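Engineer:
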Amino acid sequence: MLTRGWSSDGHRMAPHARISGSGRAARGTQRAHYPGKRLLDLVILSLAAGPALALGMISALAILLDDGPPVLFRQLRAGRDGRPFVLLKLRTMTNAGERSDAFPEPAGITRTGRFLRRTSIDELPQLINVLRGEMSMVGPRPTLPYQVQRYTARQLGRLRVPPGLTGLAQVNGRNRMSWPERIEWDLRYVEDQSLRLDLGVLARTVWAIATGDGVAGDLRRD
5 MLTRGWSSDG
15 HRMAPHARIS
25 GSGRAARGTQ
35 RAHYPGKRLL
45 DLVILSLAAG
55 PALALGMISA
65 LAILLDDGPP
75 VLFRQLRAGR
85 DGRPFVLLKL
95 RTMTNAGERS
105 DAFPEPAGIT
115 RTGRFLRRTS
125 IDELPQLINV
135 LRGEMSMVGP
145 RPTLPYQVQR
155 YTARQLGRLR
165 VPPGLTGLAQ
175 VNGRNRMSWP
185 ERIEWDLRYV
195 EDQSLRLDLG
205 VLARTVWAIA
215 TGDGVAGDLR
225 RD
């Protein structure tokens with residue numbers, strides 16, 4: 005379980021939340037990362053910085069024209085070993101429609117937001133999270149506090165590695181899957197992570213984004 009401090013709405017968290025109790029066993033049996041993973045992140049960041057900045061500026065302008073400020077959406081998520089960090093995204097919902105769970109109500113998504121979500125452009129600001137070392141290019145998606153509270157001791161193992169912009173779950177069905185199914189893919193990644201696997205996931209991510217495969221989620225399966 006997690007030490008006290010997480011709230012169900014994801015807005016109040018202890019500054020040093022950690023995995024405790026039965027989760028310690030999972031931490032001791034799984035690697036935090038493979039050698040060279042951070043270098044891969046920095047290489048990709050250096051290559052993507054220019055195009056991402058240009059695309060981000062265009063998207064920010066579209067958000068402002070469509071629904072006004074703010075441009076960014078910030079949300080507390082669980083990082084490696086349960087450490088809280090602020091995840092960054094381009095805002096895709098109306099100010100009145102912002103939610104703290106995984107799948108928003110469709111009526112709350114702006115016109116620009118629908119396009120940004122379908123193309124995953126809304127995730128671009130998370131390159132800043134990668135630069136800060138809070139995330140990696142590949143890994144389990146950063147989870148919400150109320151989701152972590154539901155994890156079994158085994159499922160806590162997905163927090164052993166830094167969360168990623170994309171991962172095995174995202175290229176094997178994404179939001180079409182139930183949370184237990186997605187977590188199983190994440191645990192497989194933790195066990196099998198390697199440079200070859202990361203490159204494969206990144207290549208398949210390009211296809212998933214191009215086709216919009218698995219973007220739609222079902223709130224009842226959360």
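Here this note's numbering is used: the first residue of the sequence shown is 5, the next is one more, and so on. Just so you know, even glycine gets a beta-carbon here, dropped at the ideal spot from N, CA and C. All figures in this text were calculated on a predicted structure; none of them were measured in a lab.
(1) Can you give me the start and stop residues for the beta strand (DSSP E) that serine 140 sits inside?
(2) Can you give the Cα-Cα distance for leucine 160 and alanine 66, rounded to whole angstroms?
(3) Measure the alpha-carbon distance for alanine 29 versus alanine 111 and round it to whole angstroms.
(4) Given that a residue counts as buried once 16 or more other Cβ atoms are within 10 Å of its Cβ, and exposed if not, what is glutamine 197?
(5) Under 8 Å by Cβ, that's how I've got leucine 232 and aspartate 85 pegged, so tell me the actual separation to the nearest angstrom.
(6) My assumption, with CB atoms under 8 Å, is that serine 124 sits in contact with isoleucine 213. Please give the rounded CB distance.
(7) Please report how far the alpha carbon of methionine 181 lies from the alpha carbon of glutamate 188, in whole angstroms.
(8) Enumerate, from N- to C-terminal direction, the unbroken alpha helix (DSSP H) stretches of 4 or more residues contained entirely within the region 133-206.
(9) Quick check: the Cα distance between alanine 207 and valine 142, rounded to an integer number of angstroms?
(10) Check isoleucine 213 in the structure and name its three-state DSSP category.
(11) Which term fits arginine 145, buried or exposed, when burial requires 16 or more other beta carbons within 10 angstroms of its beta carbon?
(12) Nearest-angstrom Cα distance between valine 194 and threonine 96?
(13) Quick test of your reading: leucine 94 and serine 63, contact by CB under 8 Å. State the CB separation rounded to the nearest angstrom.
(14) Are alanine 52 and leucine 135 touching if we call contact CB-CB under 8 Å?
(15) Taking just the CA atoms, how far does glycine 137 sit from arginine 158?
(16) Looking at the strands, I want to know which residues DSSP matches up with leucine 92.
(17) Report the rounded CA-to-CA distance for tyrosine 38 versus isoleucine 48, giving the unit in angstroms.
(18) Within the present structure, is the beta-carbon of glycine 72 separated from the nearest heavy atom of the ligand ZN by less than 7 Å?
(19) If you measure between the beta carbons of valine 165 and alanine 36, is that distance less than 8 Å?
(20) Can you tell me the Cα-Cα spacing of arginine 78 and proline 129, whole angstroms?
(21) Can you pull the DSSP bridge partners for methionine 97?
(22) So leucine 43 and aspartate 202 are supposed to be a Cβ contact under 8 Å. How far apart are they, rounded?
Structural biologist: Quick answer:
(1) 140-142
(2) 39 Å
(3) With a pLDDT of 36 at alanine 29, under the threshold of 50, the modelled position of this residue cannot be trusted, and the question is left open.
(4) buried
(5) Any answer about residue 232 is impossible in this case: the structure gives the chain only from 5 up to 226.
(6) 5 Å
(7) 11 Å
(8) 149-152, 183-196
(9) 11 Å
(10) helix
(11) buried
(12) 30 Å
(13) 6 Å
(14) no
(15) 25 Å
(16) Arg78
(17) 16 Å
(18) Annotation note on the ligand ZN: not contained in the displayed structure, which lists no ligands.
(19) yes
(20) 10 Å
(21) Ile113
(22) Actually they do not touch by this definition, with Cβ atoms about 11 Å apart.
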